[in-house]
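Asks: Take a look at this one; I'll ask things after.
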Amino acid sequence: MDALNPQLRPLEVNPKTGEPFLRLISHKNIILTPARLDDGPAMITYFNDERVYQWLRKNAEWSLKQAKQRQDEWLAELEAARDDPILKVVDFCPVGSIREVQEDGTEIFIGDIKIGLAQHPWELEGTGRLEQGMPRSDPDIWTFGNYLAPSHHGRGIMSDVIQTIIQKWAIPRMGVRRMVVTVFEGNAGSVRVLEKNGFTFRETIAACAERCGVCVWLNGS
Ligand SMILES: CC(C)(COP(=O)(O)OP(=O)(O)OC[C@H]1O[C@@H](n2cnc3c(N)ncnc32)[C@H](O)[C@@H]1OP(=O)(O)O)[C@@H](O)C(=O)NCCC(=O)NCCS
Numbered sequence: 001m002d003a004l005n006p007q008l009r010p011l012e013v014n015p016k017t018g019e020p021f022l023r024l025i026s027h028k029n030i031i032l033t034p035a036r037l038d039d040g041p042a043m044i045t046y047f048n049d050e051r052v053y054q055w056l057r058k059n060a061e062w063s064l065k066q067a068k069q070r071q072d073e074w075l076a077e078l079e080a081a082r083d084d085p086i087l088k089v090v091d092f093c094p095v096g097s098i099r100e101v102q103e104d105g106t107e108i109f110i111g112d113i114k115i116g117l118a119q120h121p122w123e124l125e126g127t128g129r130l131e132q133g134m135p136r137s138d139p140d141i142w143t144f145g146n147y148l149a150p151s152h153h154g155r156g157i158m159s160d161v162i163q164t165i166i167q168k169w170a171i172p173r174m175g176v177r178r179m180v181v182t183v184f185e186g187n188a189g190s191v192r193v194l195e196k197n198g199f200t201f202r203e204t205i206a207a208c209a210e211r212c213g214v215c216v217w218l219n220g221s
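In full-length UniProt numbering, the protein residues as written are 1 to 221.
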């Protein structure tokens, strides 16, 4: 058997699995290990427990604050250009929160869409960008991520969101001409939404570095 890699000290190595671990000082029956792919089901159980998610929610709130601050800055940029007779071409969309307007005028948050520059290797294949150092995003290739409240699935809402945002903002105001969107293999609803919006399938990558299987979809020239 290989001798313990000195770089791992003071970690120990499980002789059966070869996995390194660190034993707690007081709770000797508890160890720290690298992540394991079969931890998923247990993680979901813990994340659904209020005693855990109430605190993770704080993280979500923090992310929301960051997003809000960015959008406020974008809106301020547009405000500063108010008197410019030529519409600015910008690299952002200041509206991405999807809300349902009720009959009494109140609005319910039902989802989100974010447009940004493509950065993942599988999105940038064939652009020559992968060979260069960071940042390697291509200023001409855009992508988006989205989700909708399950209560509103299957009513054509996200297809409409994408069509609206591409036609009314991304093309005229951001100069977007090419989009690359990846979805997890098997996400049939998301694939259908892309098809309905004119995206064409490029390839399935069975094993990406960070994702198990993704399908790459393209739109534009
Ligand atoms: C993907 C998602 C955004 C779609 O939103 P939506 O408003 O329900 O989408 P639409 O109603 O516009 O279109 C959904 C299409 O997929 C179809 N569809 C949905 N689930 C499907 C399934 N399991 N198998 C096959 N088709 C499916 C619907 O029938 C519909 O097609 P149709 O209009 O031809 O009937 C939404 O399901 C969601 O939030 N999913 C979880 C998060 C997610 O996957 N985000 C995308 C990450 S890339």
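Where a beta carbon is used, it is the ideal one built from N, C-alpha and C, also for glycine.
1. Give me the Cα-Cα distance between residue 209 and residue 85, rounded to the nearest whole angstrom.
2. State the DSSP-derived secondary structure class of residue 73, mapped to helix, strand or coil.
3. Scan the region 160-218 and note each continuous beta strand (DSSP E) run of 3 residues or more that stays entirely inside, going in chain order.
4. Could you have a look at residue 33 and say whether DSSP puts it in helix, strand or coil?
5. Would the region 140-149 and the region 108-127 be scored as touching if the rule is three or more Cβ pairs under 8 Å?
6. Using 10 angstroms around the beta-carbon of residue 166, count the other beta-carbons present and answer buried if the total reaches 16, otherwise exposed.
7. Below 7 Å CB to CB, which residues in the same chain sit around residue 163 once its five sequence neighbours on both sides are set aside?
8. If you measure between the beta carbons of residue 183 and residue 191, is that distance less than 8 Å?
9. For residue 18, count neighbouring Cβ atoms within 10 angstroms of its own Cβ and tell me buried if that reaches 16, exposed if not.
10. Taking only heavy atoms of ligand 1 into account, decide whether any of them is closer than 7 Å to the Cβ of residue 180.
11. Answer yes if the region 52-70 comes into contact with the region 24-36, meaning at least three C-beta pairs across the two stretches below 8 Å, and no otherwise.
12. Let me check understanding here. Comparing Cα to Cα, which of 21, 12, 202, 114 lies closest to residue 169?
13. If distances are taken between C-alpha atoms only, which option among 98, 20, 11, 41 comes closest to residue 153?
14. Just tell me which of 178, 146, 111 has its CA closest to the CA of residue 187.
15. What separation, rounded to the nearest whole angstrom, lies between the Cα atoms of residue 79 and residue 22?
16. For residue 178 and residue 205, what's the separation of their Cα atoms in angstroms?
17. Nearest to residue 67 by alpha carbon, out of 148, 93, 87?
18. Run the CB neighbour count on residue 55, radius 10 Å, all protein chains shown included, and call it buried at 16 or more, exposed below.
Replies: In terms of the structure at hand:
1. Residue confidence is low: residue 209 scores 46 on pLDDT, short of 50, so the model does not pin down where it sits. Its coordinate-derived value is still stated next. One C-alpha to the other measures close to 47 Å.
2. helix
3. 178-184, 200-205
4. coil
5. yes
6. buried
7. 197
8. yes
9. exposed
10. no
11. no
12. 114
13. 98
14. 146
15. 55 Å
16. 20 Å
17. 93
18. exposed
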